[in-house]
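Numbering (the working numbering), first residue to last: 13 to 640.
C-beta: ideal position from N, C-alpha, C; glycine also.
These numbers come from a predicted model, not from an experiment.
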């Protein structure tokens with residue numbers, strides 16, 4: 013970045029800050045950021061007569077439904093040990109929902125009538141994970157689930173009766189199928205396979221036919237089926253074959269090739285394709301650059317969007333669900349300063365009725381602005397990210413929390429983030445970056461991260477921190493690093509490989525050794541083992557690389573305080589990952605604050621556990637990097 017560009021960017025950042033400098037935000041109770049939503053996840057039934065949503069009961073998120081005409085509310089679920097993960101309509105009179113036991117990710121799928129009767133576990137099996145393949149919108153009596161009860165490594169496809177729980181096998185997984193897809197009639201006709209290094213697309217004309225391979229590519233090439241064309245003869249796909257950024261195409265099944273280019277963007281991948289099931293037309297696409305963007309193909313849908321945005325200025329606006337006749341809908345809003353609200357919408361009357369604010373106790377005026385930023389890594393790569401500065405504080409020489417995302421093949425996006433806002437309210441600037449390997453920026457940006465854990469991926473984080481220091485935003489003596497999952501690994505890597513850069517770190521369910529991480533992957537990841545070897549490294553062939561990138565092997569370099577948190581039932585990053593680095597530090601005479609929750613998995617889900625974690629995290633950060 014040129015000096016002129018840097019000055020311009022800093023001017024923009026400080027200008028945004030100065031707009032908030034007149035009044036410092038009051039100290040907001042930690043619990044207000046992390047307590048359960050008041051109500052959330054609203055969905056309308058296909059007949060438009062009922063609206064379902066999530067709402068706390070005994071501090072756990074449970075499913076409720078309201079009659080649109082009478083406004084009568086019924087609680088459908090009574091989960092006290094753990095909140096419901098998610099739910100969906102099964103016809104007009106029944107709801108399906110998912111939950112696990114203590115974070116073990118052995119998801120069970122349940123169904124219940126909208127009056128609360130006939131609640132049954134559709135997957136009453138021990139140590140079995142259910143995956144929803146299709147809710148079969150036009151078949152209220154059935155859904156299609158993937159179940160790994162025959163072999164924990166793979167999921168077979170079953171048609172399940174949602175009233176009595178009877179199951180019928182409709183496709184047995186030969187051992188390499190990683191995903192299934194139905195046509196618009198609910199028939200299972202597409203499968204994707206993986207041998208770790210190659211991906212194949214399989215097709216059949218009907219459920220009585222055998223699947224046949226129509227396309228095989230290297231796993232780096234993505235031809236991802238989105239849904240069938242409306243005549244059920246071909247596909248819409250998101251493909252990066254022969255290009256860097258994934259784009260939307262029609263895909264000819266017989267010729268196994270992309271045909272009509274529907275949409276592309278020269279900056280980012282595009283995979284979000286919207287359509288009207290009633291009118292059988294494509295309505296638009298969505299993609300994310302710094303923020304979510306939408307482009308419409310359909311005049312009717314674009315008109316609705318324009319009407320909604322006119323009534324809800326200052327918020328991102330989306331439609332979560334339509335009734336089958338498209339006359340009624342549920343609308344969701346959000347911004348970087350608000351969790352937003354839900355509305356029912358009468359399309360014909362253009363009338364909005366507020367259903368609920370997600371977190372009505374949050375005052376937007378006290379929330380901080382999340383600003384998109386860019387900087388250059390040491391090898392000249394442009395890294396996109398976000399910078400959040402505390403409200404009412406001069407944006408210079410601030411204590412900073414560096415927050416790399418998990419995945420690592422994921423990305424951070426613009427919007428309300430409870431962690432970010434909590435930290436900003438405590439006087440910390442928060443820095444997020446989409447380091448190389450982050451998804452959405454094209455194939456090349458992703459591929460250059462292979463076998464770079466702790467190497468150039470970490471350099472991108474380090475270079476971002478140095479950029480903050482050079483710009484005068486960060487106090488070089490008050491920089492912390494905090495992350496979860498891969499972000500936890502990046503925290504440990506930051507403290508071991510750049511020990512002078514950070515004043516402290518918080519590792520939340522993070523990987524400490526690439527060797528033990530590879531050894532302990534859950535069985536349903538087994539299909540991807542060879543791919544993981546290529547992307548992360550092989551324990552034997554790349555032994556030296558993995559050793560050099562494993563924080564556990566370099567624990568003697570850690571010289572600043574470290575706080576670790578872990579769920580005991582985590583199937584992805586085993587508790588042993590945290591245990592072993594805590595033990596290693598203790599053997600050096602270093603005491604490490606270590607929080608373990610016995611009823612949690614890959615991250616803390618229960619409200620009281622989140623409160624405990626963020627209370628201790630706040631105390632830890634205050635002690636070691638203080639406030640501005």
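Cβ-heavy atom distance between residue i and the ligand GTP below 7 Å?
| i | result |
| --- | --- |
| residue 429 | For the ligand GTP, the structure offers nothing, since it holds no ligand at all. |
Write down the C-beta distance between residue i and residue j rounded to the nearest angstrom, noting that I regard them as a contact closer than 8 Å.
| i | j | result |
| --- | --- | --- |
| residue 410 | residue 485 | 6 Å |
| residue 336 | residue 359 | Their Cβ separation, rounded to whole angstroms, is 13 Å, which puts residue 336 and residue 359 out of contact at 8 Å. |
| residue 300 | residue 450 | Not quite, the Cβ-Cβ distance comes to about 11 Å (not below 8 Å), so this is no contact. |
| residue 158 | residue 169 | 6 Å |
| residue 655 | residue 174 | Nothing in the structure corresponds to residue 655, since the chain is present only between 13 and 640. |
| residue 430 | residue 54 | Contact flag wrong, Cβ pair sits at about 20 Å. |
| residue 582 | residue 521 | 6 Å |
| residue 49 | residue 371 | 6 Å |
| residue 131 | residue 140 | 19 Å between Cβ atoms; not a contact. |
| residue 198 | residue 243 | No, residue 198 and residue 243 are not in contact; Cβ-Cβ is about 15 Å, not under 8 Å. |
| residue 215 | residue 265 | 6 Å |
| residue 516 | residue 605 | Actually they are not in contact, since the Cβ atoms of residue 516 and residue 605 sit about 10 Å apart, beyond 8 Å. |
| residue 437 | residue 37 | 6 Å |
Which partner residues does residue i have in the DSSP bridge list?
| i | result |
| --- | --- |
| residue 523 | Per DSSP, none; premise fails for residue 523. |
| residue 140 | Answer is none; residue 140 lacks a bridge partner. |
| residue 417 | According to DSSP, residue 417 bridges with nothing at all. |
| residue 607 | 577 |
| residue 284 | 298 |
| residue 86 | 77 |
| residue 306 | 298 |
| residue 249 | 237, 261 |
| residue 224 | 215 |
| residue 168 | 159 |
| residue 146 | 156 |
| residue 615 | 613 |
| residue 423 | Bridge partners of residue 423: none, in fact. |
From residue i to residue j, what distance separates their C-alpha atoms?
| i | j | result |
| --- | --- | --- |
| residue 119 | residue 156 | 15 Å |
| residue 252 | residue 270 | 10 Å |
| residue 201 | residue 296 | 25 Å |
| residue 610 | residue 617 | 12 Å |
| residue 100 | residue 72 | 18 Å |
| residue 263 | residue 110 | 33 Å |
| residue 353 | residue 441 | 27 Å |
| residue 294 | residue 286 | 6 Å |
| residue 60 | residue 66 | 18 Å |
| residue 192 | residue 114 | 28 Å |
| residue 405 | residue 626 | 22 Å |
| residue 102 | residue 94 | 22 Å |
| residue 579 | residue 612 | 5 Å |
| residue 8 | residue 603 | The requested residue 8 is not part of the displayed model; the chain covers only 13 to 640. |
| residue 448 | residue 468 | 8 Å |
| residue 511 | residue 529 | 23 Å |
| residue 559 | residue 288 | 52 Å |
| residue 327 | residue 260 | 27 Å |
On the three-state DSSP scale, how would you describe residue i?
| i | result |
| --- | --- |
| residue 316 | helix |
| residue 156 | strand |
| residue 56 | strand |
| residue 590 | helix |
| residue 550 | coil |
| residue 120 | strand |
| residue 69 | strand |
| residue 635 | helix |
| residue 437 | helix |
| residue 509 | helix |
| residue 342 | strand |
| residue 231 | coil |
| residue 595 | helix |
| residue 366 | strand |
How should residue i be labelled, buried or exposed, when 16 other C-beta atoms within 10 angstroms of its C-beta is the threshold for buried?
| i | result |
| --- | --- |
| residue 89 | buried |
| residue 209 | exposed |
| residue 423 | buried |
| residue 79 | exposed |
| residue 217 | exposed |
| residue 458 | buried |
| residue 365 | exposed |
| residue 622 | buried |
| residue 137 | exposed |
| residue 13 | Caution is warranted here: a pLDDT of 45 is assigned to residue 13, below 50, making its placement in the model unreliable, and no coordinate value can be reported. |
| residue 487 | buried |
| residue 203 | buried |
| residue 349 | buried |
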